Structures are given as structure tokens and as C-alpha cells.
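Engineer: Dropping a structure here in C-alpha cells format, bear with me for questions.
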Ligand code: DOR
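In my numbering, the protein residues as written are 43 to 422.
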């Protein structure tokens, strides 16, 4: 798949928060090691606000996003209460706007309060909601998901699906993902609903998604940095860290257009909750460095492909006018120091969540500035 980004030396003219002009110049002898990029859009984060703000709140989540180069994040609905109404969405957006850091885009649950059945709340769902999800759980009942797909299709909305058949959750997490992915590809094909597969982690699932995408432009998917760089690792996350064969298949799918986005599944937890087995890890602040160190330095993809996956394509899916350094795009920008090498210290995270398997890892590539609509927001 061709990547639309251009590499060169130059500067941007920004007017009223929008890129007015890109001026290319001849590079000097030593062009340095700072890379100006479109800021990133994360399709999948958990900010825990309202209800679980001891794990993360809007402000700490948004600061973590900025520190990671993200100016737009889509919020999953497994807050307390579960996000099932437009009033809840509007409350979160209003509180986030008052903090004036980045833009947040809450999802609404597919089934009311994640009850797995009730779709009656979907009648009132409207913009700015873009996607519906029961993330954290698969929608177990096929007829319920079929009906939800038909409703979402009528509204032109996308479902983002956590693929985990609960009948297999306790015994076989690979089968749990694979069997539900196959079911939902078929339901998506039958209904014509825009269907997004969240945190795809198995070779089988990504192979089926690739095949389905060849016949329809309504299927999209994301993978997480951790499923791209870890294998055979017991750190608790859902879906689990898989085998090297799965990682190789996911990596291959980055370049051929099968994967639309790298999304973090930023899932902050307290130490006590992790000790009790809560699945997930924080993701926003390490995403770029993990991808730069393991995927770019590791020779798996180039920087243009990474920017398609972190910025351009997720912004397109969210209907945002950003993700490319081109005139007319919002001036949402990130600057990385590609030479910076450091050891990960979770205590230095802006996120309340210090839960990461990458504590102590050596990484290269650090976000040094993030701009939102022409205003530098990071460093703070
Ligand atoms: O590991 C995970 N943590 N996977 C999910 O799907 C949910 C998330 C969470 O909310 O903690």
C-alpha cells in the first residue's frame, strides 16, 4: 500500500490552527534528528472517567496522550457507569474541553450498560459519536450483534468489536478470539455494517480479516504496539500476548493495508488491581518509542507506514481533518527526537497507570513536542 507522507526538510506555515503552507528547503549538511509529524489519533483508550478516576482521569489521560504525541483519542465505554447515553458523552466532552488539552471522542456501548441484549438506547445515538463498542467483552449473542449492526448501518456508524467468545474465555483465549472474529466477519458481510476489529492479536484472525477486506471496504482493524513487539510473555492483558508466529503475521499485515491503525488499548490500573489480575497496560506514552525501536529500527516498516497507522488512517476513520502534513489539515503536530535513547521508568509517566511490562526497557525515539490546533501543548 502506498503511503501518502512526504519526507524532507522544511517548515510549516500555520494560520488559525490550520496548516496553510508546507515549505520544502534544501537540507543543510546536518539536518539533525528531530522529525516533525502529524500528531497521532488513538482509536482505543480507557480514561476511566467517570467512576474509576483512581486509575485515570480525563486530565491525566489527556496529559499522557500529549506526552505520547496524540491529540485525539477515542474513549472506550467501560467507565462507571458504562457510557450508554448521549448525556454521558456530552458531559465527558464538555469536561475535556474545559481542560483544553486534546480532543476526546467517547464511544457509546453497543448494548445498554453492557448487558449483552438491550439495544434500545441506540435510537438516540448521534454525532459526535463515531463508533459503538462493548470493549472489554464480546457481544455473545449473535442475533443481538446482527440487530446492532443493522441499526449502526442505518446511522452510518461503525461498530468496534472486542472479539472474545465468552464460552472459551476460561479455557482457550485463542479460540475465543478466532471463533468470534469469523462469526462477526460474516455478520458484517451480511449486514453491510462498518465493522472494526479491535486489538487483533492472532494470525488466524488477521488472515481472515485480510481476506474479508479484499471483498469489502467496510471492514477495518487495529493492532496494539504490545501485540506487535511482545510474544510468549505472561503479562496479563486482554487479548493475551501471543506467539511469535502471530506477531510475524501481524507485522506482515502492517504493510499490505490489512491493518488500518496502531491503537494502544491504553488501560491504566492500580498496582492493587494488577496484583488481583486486572488485564491491561498503559500505552499512550510508549507507543511511538516502541514502534520506532522495534518496527522501524527493526526493519519491519518505514516511518511513512508508521505515520499512516498512527496518524493518517485513524484520523480518517474518526472523520478528522488531520493526520497528514498538508495545507488545509489541522495543525495537530508532534515532534520526535529520533536519537533519544532512554530506559522506561513508569514512575515518570503522566498517566496514573504505572502498569507496563516495559519497565526498565531501553527504547529509542522520544516525543519532545505536541501541538494541538496550532498551539504547543507539550511539554507542559
Ligand atoms: O487488557 C484489557 N484491558 N483489555 C480490554 O479489553 C479491557 C482493558 C481494560 O479496560 O482494562
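Just so it is clear, CB atoms sit at the ideal spot from N, CA and C, and this is done for glycine as well.
Every value quoted in this text rests on a predicted model; they were computed, and no experiment measured them.
Starting from residue 294, follow the alpha helix (DSSP H) in both directions and report where the run begins and ends.
Structural biologist: In the chain shown, the residue the question calls residue 294 occupies position 252. Residue 294 -> alpha helix (DSSP H) spans 286-297.
Engineer: Whole angstroms are fine: how far does the CA of residue 69 sit from the CA of residue 268?
Structural biologist: Numbered from its first residue, the chain shown carries residue 268 at position 226. Numbered from its first residue, the chain shown carries residue 69 at position 27. About 35 Å.
Engineer: Using the Cβ count rule (16 or more neighbours within 10 Å means buried), how would you classify residue 276?
Structural biologist: Position 234 of the chain shown, counting from 1, holds the residue named residue 276. Its Cβ having fewer than 16 others within 10 Å, residue 276 is exposed.
Engineer: So with Cβ pairs under 8 Å, would you call residue 143 a contact of chain B?
Structural biologist: Note that chain B does not occur in the displayed structure, where there is just one protein chain.
Engineer: Can you give me the start and stop residues for the beta strand (DSSP E) that residue 406 sits inside?
Structural biologist: The count along the chain shown starts at 1 and reaches residue 406 at position 364. Element bounds for residue 406: 404-414.
Engineer: DSSP three-state label for residue 330, please.
Structural biologist: Taking the first residue of the chain shown as 1, we reach residue 330 at position 288. If DSSP states are grouped into helix, strand and coil, residue 330 belongs with the helices.
Engineer: Taking 7 Å as the line, does the beta carbon of residue 181 fall inside it for any heavy atom of the ligand DOR?
Structural biologist: In the chain shown, counting from the first residue as 1, residue 181 sits at position 139. In this structure, the C-beta of residue 181 stays at least 7 Å away from each heavy atom of the ligand DOR.
Engineer: So for residue 66, helix, strand or coil by DSSP?
Structural biologist: Reading the chain shown from its first residue, position 24 is the one you call residue 66. In the structure shown, residue 66 sits in a strand (DSSP, three-state: E or B).
Engineer: Does the beta-carbon of residue 422 have 16 or more other beta-carbons within 10 angstroms, so that it is buried, or is it exposed?
Structural biologist: Locating residue 422 in the chain shown gives position 380, where the first residue counts as 1. Result: exposed.
Engineer: Run the CB neighbour count on residue 116, radius 10 Å, all protein chains shown included, and call it buried at 16 or more, exposed below.
Structural biologist: Here residue 116 refers to the residue found at position 74 when the chain shown is read from its first residue. Flag for residue 116 reads buried.
Engineer: Take residue 303 as the anchor and find which of 73, 262 and 140 has the nearest alpha-carbon.
Structural biologist: In the chain shown, residue 303 corresponds to position 261, counting from 1. If we check each option's Cα against that of residue 303, 262 comes out closest.
Engineer: Just tell me which of 383, 325 and 300 has its CA closest to the CA of residue 339.
Structural biologist: Here residue 339 refers to the residue found at position 297 of the chain shown. Residue 383 is the option with its Cα nearest to residue 339.
Engineer: Residues in the same chain with beta-carbon distance under 7 Å from residue 312, minus the five sequence neighbours each way, listed in chain order, please.
Structural biologist: Taking the first residue of the chain shown as position 1, residue 312 is located at position 270. Closer than 7 Å at the Cβ level, and outside the excluded window around residue 312, lie 96 and 97.
Engineer: Are the beta-carbon atoms of residue 411 and residue 377 separated by less than 8 Å?
Structural biologist: Residue mapping note: residue 411 aligns to position 369 of the chain shown, counting from 1. Residue mapping note: residue 377 aligns to position 335 of the chain shown, counting from 1. In this structure, residue 377 lies closer than 8 Å to residue 411 by Cβ.
Engineer: Report the residue from 322, 167 and 266 whose alpha carbon sits nearest the alpha carbon of residue 193.
Structural biologist: Counted from its first residue, the chain shown places residue 193 at position 151. 167 is the residue among 322, 167 and 266 whose C-alpha sits nearest the C-alpha of residue 193.
Engineer: Please name the residue or residues paired with residue 379 in a DSSP beta bridge.
Structural biologist: What you label residue 379 is simply residue 337 of the chain shown in a count that begins at 1. Paired residues: 76 and 408.
Engineer: Using the beta-carbon count (16 or more within 10 Å), is residue 357 buried or exposed?
Structural biologist: In the chain shown, the residue the question calls residue 357 occupies position 315. Per the 10 Å Cβ criterion, buried.
Engineer: With DSSP as the reference, please indicate the residues paired to residue 238 in a beta bridge.
Structural biologist: Numbered from 1 along the chain shown, position 196 holds the residue referred to as residue 238. Bridge partners of residue 238: 202 and 262.
Engineer: How long is the line joining the alpha carbons of residue 158 and residue 234, rounded to whole angstroms?
Structural biologist: What you label residue 158 is simply residue 116 of the chain shown in a count that begins at 1. What you label residue 234 is simply residue 192 of the chain shown in a count that begins at 1. Computed Cα separation, rounded: 21 Å.
Engineer: Looking at C-alpha atoms only, which residue of 202, 81, 309 and 102 is the closest neighbour of residue 227?
Structural biologist: The residue you call residue 227 lines up with position 185 of the chain shown. Considering only alpha carbons, the answer is 202.
Engineer: Under 8 Å, with one C-beta from each stretch per pair, do the segment 113-129 and the segment 175-183 reach the 3-pair mark?
Structural biologist: yes
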